[in-house]
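Here is the structure we will look at, set down as structure tokens.
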Amino acid sequence: MFNIRNTQPSVNMQAIAGTAAPEAAPEELVWEKIHFFFPQENYEEAQRCLAELCHPTQGALPDHISSRFEHLKALAFPVWEDNIQCNRDDIHQFCILDADSQEILSATLDDAGNYTVNCQGDNETHRLTLDTAQGEECTGHAEEASGIVRTSFLLDATAPQTAAEYDAVWSEWERAAPAEESPGRAATVQKMRDCLNNSSRVLNVGGAGLTTLPDRLPPHITTLVIPDNHLISLPPLPPGLRELEVSGNQLTSLPPLPPGLRELEVSGNQLTSLPPLPPGLQVLTVSGNQLTSLPPLPPGLQVLTVSGNQLTSLPTLPPGLQVLTVDGNPQLTSLPALPPELQDLSVSDNRLTSLPELPPGLQTLSVDGNPHLTRLPELPPGLQTLFVSNNPQLTSLPELPSELQWLFARNCQLTRLPESIRGLPSSARVSLERNPLSERTLQTLRDITSAPDYSGPTIQFDMAGPSVPREARALHLAVADWLTPVQEGEPAPADRWHMFGQEDNATAFSLLLDRLSETENFKKDAGFKAQISSWLTELAEDEELRARTFAMATEATSSCEDRATFF
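Counted from 1, the sequence shown has number 383 at position 322 by the numbering used here; the numbering is strictly sequential.
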């Protein structure tokens, strides 16, 4: 399993609630039931035949499909030959039966070159080449249900067919190595030989100093791991590949992706775009590239990590997505609707102005470093981790879920805290340093945390209050605390107060609103807040009344209600 992100703990797909391990490839399901049809010395060739029949690659002709089935039959013990049926009913129809004569794989080939493989209810159709002059073409068809373009892999009639032919291709590639790359190529060729001879499904050639790969890779592998090299391109990929890890290279593009791919890790390259994604992809990690957009996402995607790119927006998110990491995209200003199954959301170091409604099962929210974020939506009841530090326009927090374990809200503009902070469990950790908390807030924190019977969360805050007069916030920010939040996409009622902030005595009026927001009436009397909101609406429409009110604000700030409590 690949490391999904480097700013949070690794995500193990098997550990995500409700996530099943990726199903086996069709050829693996079939092989498990028929391997005893063949002498052991024919295992390797029989497995290669099955992989080619289930995943045709570029340049295939109908006759080649027929010959592969005939070849597979010839490799079997005579007693099992009838279980591999070719050209059944005098048409291009093939099938493999298990030991109980139950059909486990069938294939049909029509006159238009459509080759359909059915393995235990899973259908996959490929377009074969009818004219040998078109042998290098590769076609695709649309998966209408998901909107994902699925590329058909066609069998290349010129591809090596035996271990000796593969070895010849690899040996030629090894001999052509520059001197400084020669040790890495030699080690890679040895690993590919071992892989082919031992029928290993995994090829790992990370950190070998490679600038290229041979034109042909072991055809039966399902996992290819080649990180931390100097590759600028990849050869055609094996048709049965399930996992591809090519992070830390210099790739500018990717070849067509195999239809059964489940995990794709291509972080730390120079990609500006991605090819169409396979419909069954479950994990996509493309951090540290130069992507400005993403293709349509597969419906079964569960983990998406796209940090450190140049994305300006995200496509519609799949309904089953559980982990979304989109840190460090400095042109990203908004998010699409979040899927209901999302558990982990990290959107730090962007330019978000707001967040959409949060899914009920969200457990981790990281939204540090968004300089234009002014407020958070209602937090889900099961949230356990909340990171909101370095948001210079965030002036308040919503009510905190009772199960919250980690709250980091450093270096914001918080002046007060929600009362629910008292109810957090003793195991919780809260960090509030470098916020302009009011003196009353600080005193309340000092009192409750120093009480002999205190059993609440550990709270870190700056013990001393401000040593300089309180700095006034921008007027529209102070006003926004009193007005009803709007729905996503609607103009904020406080926006029109931007221009009023330039009027005489506007600073004093901003301080007055902040003082009032720290009173007990603000927290406990909904009618009081409604009265102030109505008053602000009237002031916005009456210039003369607003001027008189601003002028009286200086005196009011020294005499407004002193019975305020912090919570």
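For every residue, glycine included, the Cβ atom is placed at its ideal position computed from N, Cα and C.
Please classify residue i as buried or exposed, where buried requires at least 16 other C-beta atoms within 10 Å of its C-beta.
i	result
residue 487	exposed
residue 88	buried
residue 214	With a pLDDT of 44 at residue 214, under the threshold of 50, the predicted position of this residue should be treated as unreliable, and no value is reported.
residue 608	exposed
residue 257	buried
residue 543	buried
residue 537	buried
residue 511	exposed
residue 281	buried
residue 583	buried
residue 612	exposed
residue 451	buried
residue 439	exposed
residue 595	exposed
residue 242	buried
residue 268	exposed
residue 588	exposed
residue 244	exposed
residue 573	buried
Please report the straight-line C-alpha distance between residue i and residue j, rounded to a whole angstrom.
i	j	result
residue 340	residue 361	7 angstroms
residue 330	residue 251	26 angstroms
residue 234	residue 275	6 angstroms
residue 604	residue 476	29 angstroms
residue 254	residue 227	9 angstroms
residue 134	residue 325	35 angstroms
residue 402	residue 427	17 angstroms
residue 155	residue 188	17 angstroms
residue 207	residue 359	Confidence is the limiting factor: at residue 207 the pLDDT is only 36, short of 50, which leaves the residue's position unreliable, though a coordinate-based value still follows. Rounded to whole angstroms, residue 207 to residue 359 spans 7 angstroms at the Cα level.
residue 238	residue 248	12 angstroms
residue 170	residue 92	22 angstroms
residue 333	residue 298	20 angstroms
residue 110	residue 317	22 angstroms
residue 454	residue 614	23 angstroms
residue 161	residue 139	16 angstroms
residue 388	residue 347	12 angstroms
residue 514	residue 520	15 angstroms
residue 98	residue 229	30 angstroms
residue 283	residue 301	6 angstroms
residue 483	residue 460	11 angstroms
residue 378	residue 398	7 angstroms
residue 600	residue 586	22 angstroms
residue 122	residue 186	15 angstroms
residue 610	residue 364	53 angstroms
residue 323	residue 342	4 angstroms
residue 173	residue 124	14 angstroms
residue 130	residue 136	10 angstroms
residue 181	residue 117	18 angstroms
Of all the options the options, which has the alpha carbon lying nearest to the alpha carbon of residue i?
i	options	result
residue 259	513, 353, 236 and 102	102
residue 411	426, 392 and 427	392
residue 523	570, 502 and 571	502
residue 175	294, 540 and 153	153
residue 285	271, 263, 300 and 293	263
residue 183	321, 243, 490 and 105	321
residue 416	404, 430 and 395	395
residue 473	159, 429, 327 and 565	429
residue 296	418, 277, 577 and 116	277
residue 492	481, 449, 108 and 500	449
Name the two residues that bound the continuous alpha helix (DSSP H) containing residue i.
i	result
residue 230	224–236
residue 589	587–602
residue 405	Premise fails: residue 405 lies in the beta strand (DSSP E), 405–407, not in any alpha helix (DSSP H).
residue 502	500–511
residue 538	536–541
residue 111	104–115
With which residues is residue i paired in a DSSP beta bridge?
i	result
residue 490	467 and 519
residue 636	Residue 636 is absent from the model: the chain starts at 62 and stops at 628.
residue 634	For the chain, the structure presents residues 62 to 628; residue 634 sits outside this window and is missing.
residue 168	155 and 178
residue 250	According to DSSP, which records beta bridges pairwise, residue 250 is partnered with nothing at all.
residue 145	157
residue 611	DSSP, once it has assigned bridges, lists no residue as partnering residue 611.
Since residue i is in the beta strand (DSSP E), which residue starts that stretch and which ends it?
i	result
residue 427	425–427
residue 314	Segment: none, residue 314 is in no beta strand (DSSP E) and carries neither H nor E.
residue 138	That residue, residue 138, is in no beta strand (DSSP E); it is neither H nor E in DSSP.
residue 564	Taken as a continuous stretch (DSSP letters only), residue 564 belongs to no beta strand (DSSP E), as it is neither H nor E.
residue 183	183–188
residue 387	Segment: none, residue 387 is in no beta strand (DSSP E) and carries neither H nor E.
residue 447	446–448
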